[in-house]
Amino acid sequence: MSTQIILPRILQVGAGASEEIPNILTSLSCARPLIVTDKMMVQLGYASRIQAVLNGHGVHADVFDDTVPEPTVASIQAGVEQARNGDYDCIIALGGGSPIDSAKAIAILARHGGQMRDYKFPRIVLEAGLPIIAVPTTAGTGSEVTRVTIITDETSDEKMLCVGIGFMPVAALIDYNLTLSVPPRTTADTGIDALTHAIEAYVSKKASLYSDSQALAAMALLAPNLRRAYHNGADREAREAMMLGSTLAGVAFSNASVALVHGMSRPIGAAFHVPHGLSNAMLLPCVTAWSIPAAPERYADCARAMGIATQQDSDEQANAKLLAELHALNDELKVPGPAQFGIDRQQFMDLLPVMAEQALASGSPGNNPRVPDAEDIAELYRQLW
Ligand code: NAD
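In structure tokens form, the structure reads like this:
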């Protein structure tokens, strides 16, 4: 049986990759970009730096900087208007997963119209939007190499998963220099997000030899460097490893799917505005413990790839080390539980049935090695307290 792998056409990887943007535009025959970003990227000077580099090559780029963290239907509307009303031939998506996901939604809606809800899973979006050149500034989501965008419908508090080759950027410029300014909390949340992508891609029912190779390589880069990047943001070696690991994890999960952690994480994010990486981090230890019995050898491979178990360890020993490590990581990276984050316990419990239903409907739990029903999911949510 063969596997279809979908990737951007160009990956430019390493220090200074983002400065190559004029060459990338030339190779894509694009000359009129709209930069879709957030206010932080403007404040840090990253947007003006890209504009200046392009200006030096005679290319003018407008900026849309009104994207918001965990983008909503309303937040992308102004971007859709601007993209429609200008004569843009591509979008430069600059920022973390939020601006990149916003750009993906804007690129499709500007060209094909309709509402974001029309594009949500189980529809598979095959039509091409405006071409996207993604420039990630966090080492986390892998959105620069995925065929996925996640947009929250604020009227129903649903994080809509939208999937298909139509959302795949044509190019990604993966420049770890841009992550040196990421503060520790975001470094931790995004780094655990990337690690979760790699683990879930590897244990996914849709994993292939190809996605396995990317997932294992990602774990080997991410696991030893996450604490380093968190404690010392200026550690370039750690930042470089995290950035590449995040991209490889993105390639892995985009071609193998994520699983139960992500399925359960989105409803928490939508209902209680928990950043995506943080809700993954809260869930990763308990969902892993629940899932291990269905694929002990796969999880043991993860522990070995992360460098926390040896080839001599039995699968059982390796999995015990994996669980201990996931708990230790959350402690060291100060991942709060739901109560510490400020979530009201009663409100959480009242929403359990809706969250369990939304998690199941996203399709992600079906890829988990141990497939849950709604009551299993509700019970796992209860374990967070
Ligand atoms: P984010 O983009 O929301 O950024 C978090 C915060 O960090 C923001 O305030 C941002 O301005 C700031 N920031 C970003 N880069 C910075 C830098 N270099 N220096 C200083 N501050 C910086 O966070 P994220 O975790 O990268 O993205 C989360 C979003 O990505 C969520 O909406 C999530 O659903 C989505 N996501 C998408 C995919 C996908 O495949 N499309 C996968 C996982 C997550």
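Going by full-length UniProt numbering, 150 is the number at position 150 of the sequence shown; the sequence numbering is gapless.
Heads up, the beta-carbon is just placed ideally off N, CA and C, and yes, glycines get one too.
As the structure is a computational prediction, the values presented were derived from the model and not from experiment.
Cutoff 6 Å; reference residue i; Cβ partners in own chain excluding five residues on either side
i	result
V251	V145, Q214
N23	none
V63	I35, A47
A107	I91, G129, L130, I132
N177	A15
C162	Y119, K120, T149
P267	M355, Q358, A359
Nearest candidate by alpha-carbon position, reference residue i, set the options
i	options	result
P69	H262, T152, A249, Q346	T152
G307	P267, V261, A217, D235	A217
S314	T179, R298, E325, L326	R298
L248	S2, V13, T3	V13
G58	S75, C30, R84	C30
Y381	S254, R345, P369, N368	R345
L28	M1, D89, L326, S98	D89
N367	D331, Q383, M349, K206	K206
A139	V371, L226, S18	L226
L173	G96, D212, A223	G96
L260	A238, L326, G269, V203	V203
K39	L54, D66, L25	D66
L195	T155, D157, A241, F167	A241
residue 386	A201, N232, F167	No answer is possible for residue 386: the residues shown for the chain start at 1 and end at 385.
R236	R185, L209, R266, S181	S181
P33	I21, K321, E200	I21
D189	Y210, A234, L244, N330	N330
N93	D87, G86, R84, A105	Residue identity differs from the one stated: residue 93 is Ala in this sequence, not Asn. Among D87, G86, R84, A105, the Cα nearest to that of A93 is on A105.
Q82	T155, S257, G56, R111	R111
Y230	G245, V258, G269, P183	P183
S257	E316, C286, F348, S143	S143
T186	E158, L323, R239, V148	R239
P71	D87, M1, T37, Q311	T37
P369	E200, E316, G113	E200
P8	N85, M264, V148, P99	V148
V287	S362, L11, Q383	Q383
R84	H60, L109, D101	L109
H60	S98, G86, V135, I343	G86
E357	G342, G113, D157	D157
L323	A289, I100, D175	A289
M243	S98, I100, P136	P136
A171	E325, L25, F348, G56	L25
V100	P169, S208, G56, V42	Position check: residue 100 holds Ile in this sequence, whereas Val was assumed. Ranking P169, S208, G56, V42 by Cα distance to I100 puts P169 first.
Start-to-end residues for the beta strand (DSSP E) that takes in residue i
i	result
P12	Checking the displayed sequence, the identity of residue 12 turns out to be Gln instead of Pro. Unbroken beta strand (DSSP E) run through Q12: 10-13.
P136	132-136
D118	Taken as a continuous stretch (DSSP letters only), D118 belongs to no beta strand (DSSP E), as it is neither H nor E.
T152	148-153
L161	158-163
C302	Per DSSP, C302 belongs to no beta strand (DSSP E); it is in the alpha helix (DSSP H), 296-305.
C90	90-95
A215	No beta strand (DSSP E) contains A215, which is instead part of the alpha helix (DSSP H) from 209-222.
Close Cβ partners of residue i (< 7 Å) along its chain, the five nearest in sequence each way excluded
i	result
A318	A300, A303, R304, A309
A198	A215, A218, M219, L222, A249, A252
Y210	T3, I5, N255
V53	E19, I21, P22
L351	A271
A103	V36, I91, A93, I132
L11	A172, I174
Proximity test, residue i beta-carbon vs ligand 2 heavy atom, cut-off 8 Å
i	result
M41	As for ligand 2, it is missing from this structure, which binds only ligand 1.
Limits of the unbroken alpha helix (DSSP H) element including residue i
i	result
D62	No alpha helix (DSSP H) contains D62, which is instead part of the beta strand (DSSP E) from 62-64.
L195	184-203
V36	Note, V36: premise wrong, no alpha helix (DSSP H); beta strand (DSSP E) at 33-36.
I292	That residue, I292, is in no alpha helix (DSSP H); it is neither H nor E in DSSP.
A74	73-85
L173	Note, L173: premise wrong, no alpha helix (DSSP H); beta strand (DSSP E) at 171-174.
Q358	345-361
P338	338-341
E237	236-254
Sequence-distant residues of the same chain with beta carbon closer than 8 Å to residue i, five excluded per side
i	result
A339	R345, W385
L126	G164, I165, G166
V73	Q115, M116, R117, I151, T152, D153, E154, T155
H327	P285
G269	E70, T152, K159, P275, H276, S279
P365	A259, L260, G263, M264, A359, V371, P372, I377
P353	A374, A378
Below-9 Å beta-carbon distance, residue i vs any chain D residue
i	result
I151	In the structure shown, chain D cannot be found, because there is only a single protein chain.
Quiz item: Are three or more beta carbon pairs between the segment 276-285 and the segment 327-337 nearer than 8 Å?
Solution: These segments touch.
Quiz prompt | Touching by the beta-carbon criterion (3+ pairs, under 8 Å), the segment 265-280 and the segment 288-297 | solution = Touching, no, given that fewer than three Cβ pairs across the two stretches are closer than 8 Å.
Practice problem: Take every Cβ of the segment 42-56, pair it with every Cβ of the segment 77-84, and state whether three or more of those distances are shorter than 8 Å. | Solution: Counting Cβ pairs under 8 Å, fewer than three are found: no touch.
Quiz item: Would you call the segment 221-241 and the segment 110-122 touching, i.e. three or more CB-CB distances under 8 Å?
Solution: The segment 221-241 makes no contact with the segment 110-122: fewer than 3 CB pairs, one atom from each, lie closer than 8 Å.
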